[in-house]
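Numbering (UniProt numbering), first residue to last: 1 to 354. Idealized CB from N, CA, C, for every residue including glycine. Source: prediction; values computed, not measured. Notes for the one structure printed next.
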């Protein structure tokens, strides 16, 4: 029987092996603290994310189940954040889901807006690591749907890890017919949102992640968001500014008052004159109006920009396809709660094997 200890200053209730050190941050749905695992051979720091009020919110229950399933599935990949432990606590006033994750020093957004200087070597290396993690995710037939610098963690040694799978989804095996049920389009932070999401496409796929990778690549060079639109219509203005007018067959709402006439895009060599020709080429192949015209992750990782960076041993192949379970179509809170308990128990069982 696991013995727990309460920390009233943080409203945390965790196994006694973990000593809560400090609060890292608070959000609308929870609190993140630093903890020490006292039972490890070397005291290991962990980030503990407590999701509050989870048992009263259908959307939080479903997202938690989804994220736990994915983190179990993707565990141990070097460029995907690892879940170390998880507990579901029902003791008032400490109730919530406690997720213990490996702690990282920064997120990429913080690094981008620091005084740290990047060489092209660093940018190539950062983007390559993002693509390594994303390749594993896409091979499992999962689309992340919320790639952005804030969801990429960075260690002081320069290791990058993709995190936050709360919006991720498994997609149809048939990428051409897209017979899976429509996926909600209000996903991805606006600045990294692909045109098809802004235009409210009912079906989309892994291409939305590749668009986000292109936006991140631009931000790594410019040290500011590439397309910082304030609203969806502004976001389209930003895209048109760089890519030019969309193809005629792409339907855009008439009341959005977009620039009339045919507009030409701006060559990436003019946007980032200090970047290499290889970078300009990769940007041009990731940031395209047509989803089908964008490079997929395996094509991107094989791009000549990474000729001197690529290490095949850093690219393990995911040999299984991921699929979500009953929670995706369940709305009953009690049933979702039971499914979450099952998922936590499954993780604990697997954890005992490692």
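Check: Whole-angstrom Cβ separation of residue 109 and residue 150, contact assumed at under 8 angstroms?
Finding: 5 angstroms
Note to self: What would DSSP say about residue 126, mapped onto helix, strand or coil?
What the structure shows: helix
Next item on the list: With a floor of 4 residues, list each alpha helix (DSSP H) that falls wholly inside the segment 260-335, ordered by position along the chain.
Entry: 268-271, 277-286 and 297-301
Notebook entry, point to check: With 16 as the cutoff for other CB atoms within 10 Å, does residue 121 come out buried or exposed?
Noted result: exposed
Checklist line | residue 48 beta carbon less than 9 angstroms from that of residue 98 | finding: yes
Notebook entry, point to check: So residue 98 is in the beta strand (DSSP E); what residue range does that whole segment cover?
Noted result: 96-102
Notebook entry, point to check: Using the C-alpha atoms, what's the distance from residue 164 back to residue 28?
Noted result: 15 angstroms
Item checked: Buried versus exposed, by CB contacts within 10 Å (16 or more), residue 340 -> buried
Check: Can you list, in chain order, the residues of its chain whose CB lies under 6 angstroms from that of residue 194, leaving out five sequence neighbours each side?
Finding: Excluding sequence positions up to five before and after residue 194, its CB lies within less than 6 angstroms of the CB of 208 and 211, all in the same chain and listed in chain order.
Check: What are the boundary residues of the beta strand (DSSP E) that includes residue 35?
Finding: 30-37
Checklist line | Three-state secondary structure (DSSP) of residue 17 | finding: coil
Notebook entry, point to check: From residue 19 to residue 270, what does the alpha carbon distance come to, in whole angstroms?
Noted result: 52 angstroms
Note to self: According to DSSP, is residue 6 part of a helix, a strand, or is it coil?
What the structure shows: Note: residue 6 maps to strand in three-state DSSP.
Check: Under 9 angstroms, do residue 282 and residue 216 count as touching if we go by C-beta distance?
Finding: no
Notebook entry, point to check: How many Å lie between residue 297 and residue 16 at the Cα?
Noted result: 43 angstroms
Margin query: Tell me the DSSP secondary structure of residue 152 in three-state form.
Written below: strand
Checklist line | Contacting residues, own chain, Cβ-Cβ under 8 angstroms from residue 21 (five flanking each side not counted) | finding: 33, 34, 35, 36 and 45
Check: Under the three-state reduction of DSSP, which class applies to residue 119: helix, strand or coil?
Finding: Reduced to three states, the DSSP call for residue 119 is coil.
Check: Between the C-alpha atoms of residue 198 and residue 148, what's the straight-line distance to the nearest angstrom?
Finding: 16 angstroms
Check: Buried or exposed: where does residue 312 fall if 16 or more other Cβ atoms within 10 Å of its Cβ makes it buried?
Finding: exposed
Checklist line | DSSP-derived helix/strand/coil call for residue 192 | finding: Taken through DSSP and simplified to helix, strand or coil, residue 192 comes out as helix.
Check: DSSP state of residue 221, grouped into three classes?
Finding: Residue state, collapsed to three classes: helix.
Next item on the list: Would you tell me roughly how many angstroms separate the C-alpha atoms of residue 336 and residue 100, rounded to the nearest one?
Entry: 21 angstroms
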